[in-house]
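So the sequences go chain by chain: A and B. Under numbering that gives the first Met the number 0, the residue at position 124 of the first sequence is numbered 123, and the numbers go up by one with no gaps. Under numbering that gives the first Met the number 0, the residue at position 1 of the second sequence is numbered 0, and the numbers go up by one with no gaps.
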Amino acid sequence: MSVDPRVLPAALSGEVRLPEKLAGVESVRSVRTPIRLEYDFIPGAASAGYLNAFADRKILGQRSPVDGAVFVPPRGVDPRHGAATPDYVELPDTGHVGGFCVTRLPIPGRDDLEIPYVSAWIHLDGADVGFLGLVAGIDTSEVRMGMRVRAVWKPDDQLGRTAENILHWAPTGEPDVPVDAAGTNAWHAKQAAGSGERA
Amino acid sequence: MAERLRADLVLEYPFTRTTGPVIGAFLTGLREGIVLGIRRFDGTVLCPPTEYDPETSAPLTELVEVGPGGELVSWTWVDPPRPQSPWEQPHGLGMIRLDGADTPMVHGVLVGGPDELSVGMRVTARWRSEREGHIADLEGFVPEGAGR
């Protein structure tokens with residue numbers, strides 16, 4: 000039997016027939032299907048080095064042995080080439096916003112995030128990829144691609160081996176990075192130019 | 000060398016799904032204490048019901064009451080149940096073909112031990128007293144005539 004895909008299926012057009020017994024009862028229209036997964040996270044060597052360094056207010060990346068590209072957070076491998084990346088690079092806590100999103104709806108389980116808030120790809124100076132962070136200390140309408148930011152850290156006596164040491168990223172007031180050179184635009188330009196060589 | 004890092008993490012989301020007319024009818028039936036299947040064009044009945052025929056993809060619309068008794072077609076024993084299982088006690092997990100249906104559905108079979116289960120045995124639905132239109136309105140299946 001063939002079915003004309005242009006015709007609304009009967010099951011969606013309200014022609015479903017119920018047994019007499021259910022005549023007149025209110026139909027169920029939705030169902031709660033919560034999901035919950037509890038798990039232990041045990042970082043591998045590259046992530047452990049990254050997290051341990053946070054206790055000393057340091058941000059570590061790793062350098063690709065193929066073309067010198069710097070990845071943060073480090074994952075122990077250059078995902079483009081499958082090459083191991085044993086060398087750590089210490090990165091500054093300054094960079095720019097490569098892309099961002101303003102969230103205006105609360106997220107279940109994240110009462111700590113006051114809406115509206117801005118999550119952004121933070122491109123650290125010297126890194127070739129961005130990583131996620133919150134941008135604060137500025138009106139959400141003022142956040143823009145290329146805006147220079149610096150990490151706002153927890154007080155020294157509250158530092159742990161966690162990326163949560165960085166409370167958020169705040170604008171530095173420096174001139175913006177031009178959009179052509181901001182975020183992944185810089186990466187794509189560099190790849191296109193074939194100028195993968197780095198000092 | 001630094002102490003090994005470890006974090007206990009939870010991934011959680013409180014989904015609510017809209018059910019559509021067929022699954023909605025199935026859940027409405029559960030809330031009212033009856034199980035519904037859906038009739039195919041060859042007259043056979045699928046339970047649980049689907050919105051479309053699994054072979055021809057034609058929309059299906061005729062819901063029919065099945066059960067509450069049925070036959071245990073296949074089973075396994077669960078001991079212990081996982082932390083988020085609907086059941087706290089060790090239990091059977093069975094494929095139950097309800098009377099009037101041609102396909103079996105998965106649900107718990109609530110007996111004291113695996114030696115009380117056998118393929119082909121008769122079982123019947125046990126309902127919760129408080130029902131809200133959810134598969135858990137059906138607490139499980141018990142041996143027919145168990146009187147509990």
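Every residue, glycine too, gets a C-beta built ideally from N, C-alpha and C.
| Asked | Found |
| --- | --- |
| Measure the Cβ-Cβ separation of A:TRP152 and A:ILE165 and say whether it is below 8 Å. | yes |
| In terms of alpha-carbon separation, which member of A:HIS95, A:GLY60, A:ARG79 lies closest to A:PHE70? | A:GLY60 |
| Considering only residues of the region 27-98 of chain A, which uninterrupted beta strand (DSSP E) runs meet the minimum length of 3 residues and lie entirely inside it, listed in chain order? | 29-31, 34-40, 58-62, 87-90 |
| According to DSSP, is B:THR15 part of a helix, a strand, or is it coil? | strand |
| If we call anything under 8 Å between Cβ atoms a contact, is A:ARG56 one with A:LEU123? | no |
| Which residues in chain B have a C-beta closer than 9 Å to the C-beta of A:LYS57? List them in chain order. | Within 9 Å Cβ-Cβ: nothing; A:LYS57 doesn't reach chain B, min ~13 Å. |
| Among all the DSSP beta bridges, which residues are the ones paired with B:PHE140? | B:VAL108, B:ALA124 |
| Can you tell me which of the three DSSP states A:SER118 falls into? | strand |
| To the nearest angstrom, how far is the alpha carbon of B:GLU70 from that of B:ASP114? | 17 Å |
| Name the residue from A:ALA52, A:SER140, A:ARG28 whose alpha carbon lies nearest to the alpha carbon of A:ALA162. | A:ALA52 |
| Which term fits B:LEU35, buried or exposed, when burial requires 16 or more other beta carbons within 10 angstroms of its beta carbon? | buried |
| When you check each C-beta in the region 40-54 of chain A against every C-beta of chain B, which residues fall closer than 7 Å? | PHE40, ILE41, PRO42, ALA47, LEU50, ASN51 |
| Spatial neighbours of A:LYS189 within its chain, please: C-beta separation below 6 Å, excluding the five flanking residues on both sides. | none |
| Between B:LEU137 and B:TRP126, which are expected to be in contact by the criterion C-beta below 8 Å, what is the C-beta distance as a whole number of angstroms? | 6 Å |
| Which chain A residues are close to B:ARG30, counting only those with a beta carbon under 7 Å from its beta carbon? | VAL27 |
| Going by Cα to Cα distance, which pick from A:PRO18, A:VAL27, A:MET146 is closest to B:ARG130? | A:VAL27 |
| CB B:PRO48 to CB B:VAL72, shorter than 8 Å? | no |
| Are the beta-carbon atoms of A:GLY81 and A:ALA45 separated by less than 8 Å? | no |
| Leaving out five residues before and five after A:VAL226 in sequence, what residues of the same chain have Cβ atoms less than 6 Å from its Cβ? | Residue 226 of chain A falls outside the range modelled here, since chain A spans only 0 to 198, and no answer is possible. |
| Please report whether the beta-carbon of B:ASP7 lies at a distance below 8 Å from any beta-carbon of chain A. | yes |
| Would you say B:VAL105 reaches chain D, if we count a Cβ-Cβ gap shorter than 8 Å as a contact? | This model lacks chain D altogether; the protein chains it does include are A and B. |
| Count the other CB atoms, across all protein chains shown, that sit within 10 Å of the CB of A:ARG16; report buried if there are 16 or more and exposed otherwise. | exposed |
| Mind listing the chain A neighbours of B:GLU11? Cutoff is C-beta to C-beta under 8 Å, in chain order. | PRO33, ILE34, ARG35, LEU36, PRO107, GLY108 |
| At least one CB of chain A closer than 8 Å to the CB of B:GLU129: is that the case? | no |
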